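In my numbering, the protein residues as written are 46 to 289.
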């Protein structure tokens, strides 16, 4: 099984992020804009992990894709990804990382490729967490700034098709998560159901990770979840399709 399917490639993503950075730069300090430009131009984009939160039916828009979906279900969860700028390339010789949490859906197509889509799951808890997730700039492992103006933030109105070629690096946890997703579809193909596959979700196979997000959700409920959804970023048009 390969992981090559996708419409979004890294050079497009870099160009798009730089366009968005220019369009929104008045909202941020000049020095932060220069730093972010360096991150997106010189940094490496890496997938840290894919949480495995649950199953949904393959979305309707996928039924018109070529190749068509082979599976009738999609694995859904959160992608933790980051742009990493090493000290040898940074303007002040510090290590920088821009950390993002994005929604994903994944299914198997008729060519046995995993299709990865940045798309919001139906789960109320996961949607709520993603809507309050703010991209964070980390300097030498300490929070340096939070990008509250929308850059890098996924919205429910948009989606991106992408493949692992989008990333410069897959961290060991992300590799393990993708392997579990492959195993899920193999189990479903062999058995025709999701009972065994359910055991590979975070709820059963990675309870510590699930507990972290459950706690975050409970804290947000106490603080008050956002009443409105954030507006789409100023750019990102060419990589997204409006949801139907």
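For each residue, glycine too, the CB sits at the ideal point set by N, CA and C. Computed from a predicted structure; not experimentally measured.
Is the distance from the Cβ of residue 259 to the Cβ of residue 95 below 8 Å?
For the purposes of this step, residue 259 is taken as residue 214 along the chain shown, with counting starting at 1. For the purposes of this step, residue 95 is taken as residue 50 along the chain shown, with counting starting at 1. Going by C-beta atoms, residue 259 is not nearer than 8 Å to residue 95.
Who pairs with residue 90 in a beta bridge, going by DSSP?
For this step, residue 90 is matched to residue 45 along the chain shown. Paired residues: 128.
Does DSSP classify residue 236 as helix, strand or coil?
Taking the first residue of the chain shown as position 1, residue 236 is located at position 191. Taken through DSSP and simplified to helix, strand or coil, residue 236 comes out as helix.
For residue 180, count the other beta carbons within 10 Å of its own beta carbon; 16 or more makes it buried, fewer makes it exposed. Which is it?
Your numbering for residue 180 matches position 135 in the chain shown. Buried, because 16 or more other Cβ atoms sit within 10 Å of the Cβ of residue 180.
I think residue 130 touches residue 168, with their Cβ atoms under 8 Å apart; what is that distance to the nearest whole Å?
Working through the chain shown from its first residue, we reach residue 130 at position 85. Working through the chain shown from its first residue, we reach residue 168 at position 123. 33 Å between Cβ atoms; not a contact.
From the DSSP output, read off the bridge partner residues of residue 207.
On the chain shown, residue 207 is found 162 positions in, with the first residue counted as 1. Paired residue(s): 53, 161.
Please state whether the Cβ-Cβ distance between residue 204 and residue 164 is less than 8 Å.
Taking the chain shown and counting its residues from 1, the one referred to as residue 204 is at position 159. Taking the chain shown and counting its residues from 1, the one referred to as residue 164 is at position 119. Residue 164 sits close to residue 204, with the two beta carbons spaced by under 8 Å.
Option nearest residue 188 by Cα separation, candidates 88, 145, 248, 162:
Locating residue 188 in the chain shown gives position 143, where the first residue counts as 1. Nearest C-alpha to residue 188: 145.
Which class does residue 186 belong to by DSSP, given the choice of helix, strand or coil?
As a first step, residue 186 must be located in the chain shown, where it is residue number 141. It is coil, neither helix nor strand.
Just to confirm, is the Cβ distance from residue 170 to residue 251 under 8 Å?
Numbered from its first residue, the chain shown carries residue 170 at position 125. Numbered from its first residue, the chain shown carries residue 251 at position 206. No, these two residues do not count as a Cβ contact at 8 Å.
What is the rounded straight-line gap between the Cα of residue 173 and the Cα of residue 148?
By one-based count along the chain shown, residue 173 stands at place 128. By one-based count along the chain shown, residue 148 stands at place 103. In this structure, the alpha-carbon of residue 173 lies about 11 Å from that of residue 148.
Where does residue 75 land, buried or exposed, given buried means 16+ other C-beta within 10 angstroms?
Within the chain shown, residue 75 is the residue found at index 30, counting from 1. Per the 10 Å Cβ criterion, exposed.
Taking Cβ positions only, does residue 106 come closer than 8 Å to chain C?
In the structure shown, chain C cannot be found, because there is only a single protein chain.
For residue 81, collect the residues of the same chain with a Cβ closer than 6 Å to its Cβ; drop the 5 residues on either side in sequence, then sort them by chain order.
Working through the chain shown from its first residue, we reach residue 81 at position 36. Answer for residue 81: 66, listed in chain order.
Under the DSSP definition of a beta bridge, which residues are partnered with residue 195?
What you label residue 195 is simply residue 150 of the chain shown in a count that begins at 1. According to DSSP, residue 195 shares a beta bridge with no other residue.
Looking only at its chain, what residues have a beta carbon closer than 7 Å to the beta carbon of residue 178, apart from the 5 residues adjacent to it on each side?
By one-based count along the chain shown, residue 178 stands at place 133. Excluding sequence neighbours, residue 178 sits near 146.
What are the boundary residues of the alpha helix (DSSP H) that residue 168 is part of?
Indexing the chain shown from 1 puts residue 168 at position 123. It is not in any alpha helix (DSSP H) - residue 168 carries neither H nor E in the DSSP assignment.
In this structure, how does DSSP classify residue 136 when only helix, strand and coil are distinguished?
Position 91 of the chain shown, counted from the start, is the residue given in the question as residue 136. Note: residue 136 maps to coil in three-state DSSP.
Taking the straight line between their C-alpha atoms, what separation do you get for residue 295 and residue 215?
Shown here, the chain extends from 46 to 289; a query on residue 295 therefore has no answer.
Answer with buried or exposed for residue 141, where buried requires no fewer than 16 other C-beta atoms within 10 angstroms of its C-beta.
On the chain shown, position 96 is the one that residue 141 refers to. Taking a 10 Å sphere around the C-beta of residue 141, we find 16 or more other C-beta atoms and assign the residue as buried.
Following a CB-centred definition, is residue 217 positioned closer than 7 Å to any heavy atom of the ligand FMN?
The model on display carries no ligand, and the ligand FMN is accordingly not part of it.
Roughly how many whole angstroms lie between the Cα atoms of residue 87 and residue 134?
The residue you call residue 87 lines up with position 42 of the chain shown. The residue you call residue 134 lines up with position 89 of the chain shown. Between residue 87 and residue 134, the C-alpha separation is close to 7 Å.
Under 8 Å, do residue 154 and residue 114 count as touching if we go by C-beta distance?
Along the chain shown, read from residue 1 onward, the residue named residue 154 stands at position 109. Along the chain shown, read from residue 1 onward, the residue named residue 114 stands at position 69. Yes; because the gap between Cβ atoms is below 8 Å, this pair is in contact.
Please report the distance separating the alpha-carbon of residue 247 from that of residue 97.
Walking along the chain shown from the start, residue 247 turns up at place 202. Walking along the chain shown from the start, residue 97 turns up at place 52. So the two alpha carbons sit approximately 5 Å from each other.
Between which residues of its own chain and residue 249 is the CB-CB distance below 8 Å, once the five residues before and five after are set aside?
Here residue 249 refers to the residue found at position 204 of the chain shown. These residues qualify, in order along the chain: 243.
On the criterion of 16 or more Cβ atoms from any shown chain inside 10 Å, does residue 123 qualify as buried, or is it exposed?
As a first step, residue 123 is located in the chain shown; it is residue number 78 there, counting from the start. Classification for residue 123: buried.
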